[in-house]
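In what follows, a structure is listed as structure tokens, so that the remarks can point back to it.
Protein chains in written order, with the working numbering: chain G, 1 to 379; chain B, 1001 to 1379.
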């Protein structure tokens, strides 16, 4: 049980819960979505922009910051918050997901992972101990254990051996973690196998962490598999600790997870899709590149209060996207993050009102009706 | 003489003057620098950002907006101000400079210029009449005559024939211009030949326009040539009309021109250099990519009050530039535009105080001393 996490209300219509998590840089309200700021910047967003869309906590990537500019430089410059001019909470991942994504460029052993930088090919050796040291230097409010994240296609035996190592690595992370106030979360693996997930969950919880995350989702599995694992793990997750699903997801994924009682999420979807011209609206997803917006003077989303929807037309957003203008990334990212964060706010209100189940059902039917009506483009 | 332009003060130490120019979207104070917003966006700046750096007027490009999204679409959407969410003055150029820059892709005749789009190769025919029609559709506060802009290397005979045609084109522009409230400026050509400049100036002024611009500078000539032409034309320019030098320049160029009594300027230098990591400061120019900034916790410019200098270190600016982050373009552009617009503000204050000559000399010596002291990188 965490003394920083409080549950304020349980929705009576679902497993959803309303909580708050105290950190050295203030409290966050859960359920919450964390915009991804890989290189110590959420792409195309200033700190003021992040405050405007009411981001409460952002994520930064250990792997990227370790390679560039280097965690020692960030520490010397006063830590990540000061470096990137963000005085609210930050969570850093452990670098595990990134190094395992390197494929040919990395080699795993019990001790850690040898890998080559994607930037300059330089050789590095990342261990659980080094990951924690880097994350302590960066100084995030919440940090993650170094884990192995196998692909969705990994077989039962591989996943078994992998989660056992991840448990030993989690213990090593806990052994060396010492930064006061900084919370350390454990990561549960186990692939798409419910029994292995249960085993990993038991082992990681036995070590004891400030919060628990499901890793190894959104790695190539089907939506059905992802939802099955979410559902099967939920009843076994410690009730009084924050529950984080890493790397998800779409608005629908977030609502599904919240309904099972998960509290924290991160994903590049709103920011990456924004840069590709795919925008989320109350009327379904919009491909702003489409010809149909050429002369459309209406706002991107008539039900959205963000400064993009208040000040610019679809025609203008299409124009600057097609012209390759930086402002397109700026405005699209601002809107998409506002959309995700506002959805979380509405979800929290629905939980408080014991109406989360209805809220989720309405969201789905509204999105579907509009996609059919408008010939919108699903992702 | 213009009834919208008022001169409030003549500096007693130079030819500089303090004025104001009334437009349908408010007055601007001169001398003034106009950020360039080619595609109906000043690259990497939101409208709020432009207001924050106290931009009073911006420039947009007729050539680019004619090709994409098309002036008829912009008109249908309520004009350029509404389209780009900018309710202060806008000036559009005539497209002349851009089509003449196309080289092989264009052919000039008395009637106009045939050219192929740099975007899709489509064929177009731009005439003085069409340029005015496009600019009326876009709805800028100030528009420019369609002119031929010969390269700095053009010979005397070519420049002579060219300026004669530019005069005939200017008359054609005036003949068809009819949008109420919208001001039409004439453009003086004549290359690097003082007698041809004098002739062009006489001919264009004889037609009579709301303001007068020197075109054909910053087209490959030396700084000495540019300054010579500025100086030779200044005494012949109508005193009571706004005087605009197109396409310049560096801070030093702007101060030189202001000292001769020029009032308006535009240039991509602050915005383009920003995107390339070249930043203007009170201590000289800074190449933010340089290794020396790697661990530098100090602000880009300790004497600058912009939000970039108040909130971010040189080390952070270097980091996000090297990581290829969009935020680098955003912050660098914000700072550079703030620098240029603040320099103009200081120049206006110096004129009011009859100290422009001293101000200009101090600026030069301060910049030079610091470049030597700091090993800074001149451009």
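C-beta atoms are modelled at their ideal positions from N, C-alpha and C, and glycine is treated no differently.
Just so it is clear, the structure is predicted and the values come from calculations on it, not from any experiment.
- When the beta-carbon positions are compared, residue 203 of chain G and residue 59 of chain G stay at least 7 Å from each other.
- Close to chain G, meaning a Cβ-Cβ distance shorter than 7 Å, are the following residues of the segment 1049-1074 of chain B: 1068, 1069 and 1073.
- When DSSP states are grouped into helix, strand and coil, residue 1097 of chain B belongs to the helix group.
- For residue 1257 of chain B, the enclosing alpha helix (DSSP H) begins and ends at 1251-1259.
- According to the DSSP assignment, residue 266 of chain G belongs to the beta strand (DSSP E) that extends over 264-266.
- Around residue 39 of chain G, the beta-carbon contacts reaching into chain B at under 8 Å are 1319, 1320, 1323 and 1325.
- Taking every protein chain shown into account, the CB of residue 307 of chain G has 16 or more other CB atoms within 10 angstroms, so this residue is buried.
- Counting of Cβ neighbours within 10 angstroms places residue 1222 of chain B among the exposed residues, the total staying below 16.
- Taking a Cβ-Cβ threshold of 7 Å, none of the residues of chain B is close to residue 104 of chain G; the smallest such distance is about 23 Å.
- In the DSSP annotation of this structure, the continuous segment of the alpha helix (DSSP H) that includes residue 167 of chain G starts and ends at 156-176.
- Listed in chain order, the non-local C-beta contacts of residue 343 of chain G below 6 Å within the same chain comprise 251, local neighbours out to five positions each way being set aside.
- When the Cα atoms are used, residue 1261 of chain B and residue 1017 of chain B turn out to be separated by approximately 6 Å.
- Residue 298 of chain G and residue 1194 of chain B have their C-alpha atoms some 52 Å from each other.
- For residue 34 of chain G, the beta-bridge partners assigned by DSSP are G/266.
- Between residue 332 of chain G and residue 274 of chain G, the gap from beta carbon to beta carbon is short of 7 Å.
- Contact between the segment 26-36 of chain G and the segment 45-57 of chain G is established, with three or more Cβ pairs separated by less than 8 Å.
- A straight line joining the alpha-carbon of residue 1335 of chain B with that of residue 1288 of chain B spans about 12 Å.
- Around the C-beta of residue 1314 of chain B, 16 or more other C-beta atoms lie within 10 Å, and the residue is accordingly described as buried.
- Here DSSP, grouped into helix, strand and coil, assigns residue 308 of chain G to helix.
- In its chain, beyond the 5 residues on either side, 1059, 1266 and 1268 have a beta carbon closer than 6 Å to the beta carbon of residue 1036 of chain B.
- At a cut-off of 7 Å between beta-carbon atoms, residue 1088 of chain B makes no contact with chain G.
- As DSSP reads the structure, residue 1136 of chain B sits in no beta bridge.
- Proximity of chain B to residue 43 of chain G at the Cβ level (cut-off 8 Å) is accounted for by 1325, 1326 and 1327, in chain order.
- Around the beta carbon of residue 1361 of chain B, fewer than 16 other beta carbons sit within 10 angstroms, so the residue counts as exposed.
- The beta strand (DSSP E) runs of length 3 or more contained entirely in the segment 283-335 of chain G are, from start to end of the chain, 284-287.
- Out of B/1107, B/1189, B/1073 and B/1242, the CA that lies nearest to the CA of residue 1023 of chain B is found in B/1242.
- By DSSP's assignment, residue 1245 of chain B forms a beta bridge with B/1214 and B/1265.
- Taking CB atoms only, residue 1077 of chain B has a neighbour in chain G less than 7 Å away.
- Within a 10 Å sphere around the beta-carbon of residue 358 of chain G sit fewer than 16 other beta-carbons, which makes this residue exposed.
- When Cβ-Cβ separations below 7 Å define contact, residue 1311 of chain B makes contact with chain G.
- Residue 1061 of chain B and residue 320 of chain G have their C-alpha atoms some 14 Å from each other.
- What residue 295 of chain G touches in chain B, judged by beta-carbon distance under 8 Å, is 1073, 1076 and 1077, going in chain order.
- If you look at residue 1204 of chain B, you'll find it in the alpha helix (DSSP H) that goes 1194-1207.
- Between residue 264 of chain G and residue 32 of chain G, the C-beta gap is smaller than 7 Å, which places the two residues in contact.
- Taking a Cβ-Cβ cut-off of 8 Å, the neighbours of residue 1315 of chain B in chain G comprise 69, 73, 77 and 83, given in sequence order.
- Contact annotation: residue 1215 of chain B and residue 1149 of chain B have beta-carbon atoms nearer than 7 Å.
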